[in-house]
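By numbering that gives the first Met the number 0, the letter at position 126 of the sequence shown is numbered 125, and the numbering carries on one by one without gaps. Think of the CB as a built atom: it goes at the ideal place given N, C-alpha and C, for glycine as much as any other residue.
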Amino acid sequence: MKVKKAVILAAGMGTRMLPSSKVIPKELLPVIDTPAIQVVVEEAVASGITEIIIVISPGKNTVVDHFKPNLELERHLEERGKRVILELILRSNNPARITVAEQRQPLGLGHAVLQAREAVGDEPFAVMLPDDIFDCPRPCLRQLLDVAETRDAPVVALLKVARSEISKYGIVDAKAAGDRTYELRGMVEKPAPEKAPSEFAIMGRYVLTPDIFELLAAGKPGAGGEIQLTDALMALTSRRKIYGYEFEGIRYDLGDRVGFISAQIGFGLKRPDLADRLRAYLKSVISQE
Ligand code: G1P
């Protein structure tokens, strides 16, 4: 299979990051100086995706506006000779073909994916959740796409999580099927730890086939009363093989306060322009404890 399209889900209400997400969509909150949505779009583009569908809820247009040129700002920076900042701004202008789909009611992740059905059409596609961002030797989505292309099958990102974290995620029943690769026999959304089939959690990167849409459309509300992507994926396992891939790299959960702070520090320590000062600051704070 060849995957050209990615669906980025940005329709959530951001309740986990209130009050900062009261007016500003949480997808525009920064990782240092770059909005999460741009970090995810750049991962998609670096993975070879050329068309992106962003699913938003009403009132979240600024998430998409971020990728439009701001000519006045560009002129201002140009006139003042601020080339470096200008280059930075230009990087966020139309990095791919970006279109929008709207989820008018908050009926769940699966329902949000379904809103991109028309834009995706009858071809395989990626799904990306901008709460999850990655620092990987190769882009996380690219790692999944390699497996999906070789096996000609859907693939989800997997990460082993602590028992105490299990009830936050979709958890899979996985059978080893090659290097870091697992065949998925089942999965359950947000189980109690004692009911979980394994400690492998699904992270917010998926490569899917278009037959998922009819399963989503027929989907009944599951965990939390929402139409769950995990339930449709579970139904898909009886039709075709689905794989999980234990990606190489670090994942940050931007929807969690400590995850959000960790991402700023983790990515900050990798920035040549910031690392020395940040490291010195961290050392000084730790030595005071
Ligand atoms: C969603 C999915 C869940 C997955 C998680 C990854 O949950 O429903 O299966 O494990 O993303 O971050 P949410 O974080 O939207 O509750």
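What span of residues does the alpha helix (DSSP H) with Ala-118 cover, start to end? 116 to 119 is the span of the alpha helix (DSSP H), which, as asked, contains Ala-118.
Leaving out the 5 sequence neighbours to the left and right, which residues in its chain are closer than 7 angstroms to Lys-167 when beta-carbon positions are compared? Correct list, in chain order: Lys-189.
Alpha carbon to alpha carbon, how far is Val-171 from Arg-74? Cα-Cα distance, rounded: 51 angstroms.
Same chain, Cβ closer than 8 angstroms to Leu-85, neighbours up to 5 away in sequence not counted: Cβ within range, chain order: Glu-73, Leu-76 and Glu-77.
Any heavy atom of the ligand G1P closer than 8 angstroms to the CB of Thr-236? The answer is no for Thr-236.
Measuring alpha carbon to alpha carbon, tell me which residue in Pro-94, Gln-114, Gly-80 and Gln-37 is nearest Pro-209. The residue with the shortest Cα to Cα distance from Pro-209 is Gln-114.
Less than 8 angstroms separating the Cβ of Ala-200 from some heavy atom of the ligand G1P? The answer is yes for Ala-200.
Can you give me the Cβ contacts of Ala-111 inside the same chain, cut-off strictly under 6 angstroms, excluding the 5 residues immediately before and after it? For Ala-111, where only same-chain residues beyond five positions count, the Cβ hits under 6 angstroms are Leu-8, Ala-10, Val-54 and Gln-102.
Sufficient close CB pairs (3 or more, under 8 angstroms) joining the segment 247 to 255 to the segment 130 to 138: Yes, the segment 247 to 255 touches the segment 130 to 138.
Within the same chain, show all residues whose beta-carbon is closer than 7 angstroms to that of Val-62, passing over the 5 residues directly before and after it, in chain order. Its chain contains Ala-9, Pro-24, Glu-26, Leu-27, Ile-36, Ile-53 and Ile-55 as the residues whose beta carbon lies nearer than 7 angstroms to that of Val-62, once the 5 sequence neighbours on both sides are disregarded; these appear in chain order.
Which runs of the beta strand (DSSP E) at least 3 residues long sit entirely within the segment 181 to 235? Give them in chain order. Complete beta strand (DSSP E) runs here, min 3: 199 to 207.
When you measure from the CB of Gly-177 to every non-hydrogen atom of the ligand G1P, does any distance come out below 8 angstroms? No, Cβ of Gly-177 sits at least 8 angstroms from all heavy atoms of the ligand G1P.
Does the count of Cβ pairs from the segment 175 to 191 and the segment 216 to 232 closer than 8 angstroms reach three? Result yes; three or more Cβ-Cβ pairs closer than 8 angstroms.
Does the segment 33 to 47 come close enough to the segment 15 to 22 to have 3 or more Cβ pairs within less than 8 angstroms? The answer is no - the segment 15 to 22 does not touch the segment 33 to 47, with fewer than three Cβ pairs under 8 angstroms.
Return yes when the Cβ of Glu-198 is within less than 9 angstroms of the Cβ of Ile-165, no when it is not. Yes. Within cutoff.
Let me make sure I understand the geometry here. Which of Thr-180, Arg-256 and Ala-156 has the alpha-carbon closest to that of Arg-150? Closest by alpha carbon: Thr-180.
Backbone secondary structure at Ala-294 - three-state DSSP: What is shown of the chain runs 0 to 288, which leaves residue 294 out entirely.
Suppose contacts are defined by Cβ-Cβ distances below 9 angstroms. Is Leu-144 in contact with Gly-47 by that definition? With contacts defined by Cβ atoms closer than 9 angstroms, Leu-144 and Gly-47 form a contacting pair.
Beta-carbon proximity check, Lys-59 vs Asn-93, cutoff 9 angstroms: No, these two residues do not count as a Cβ contact at 9 angstroms.
Quick check on Glu-122: does DSSP put it in helix, strand or coil? Of the three classes helix, strand and coil, the one that applies to Glu-122 here is coil, per DSSP.
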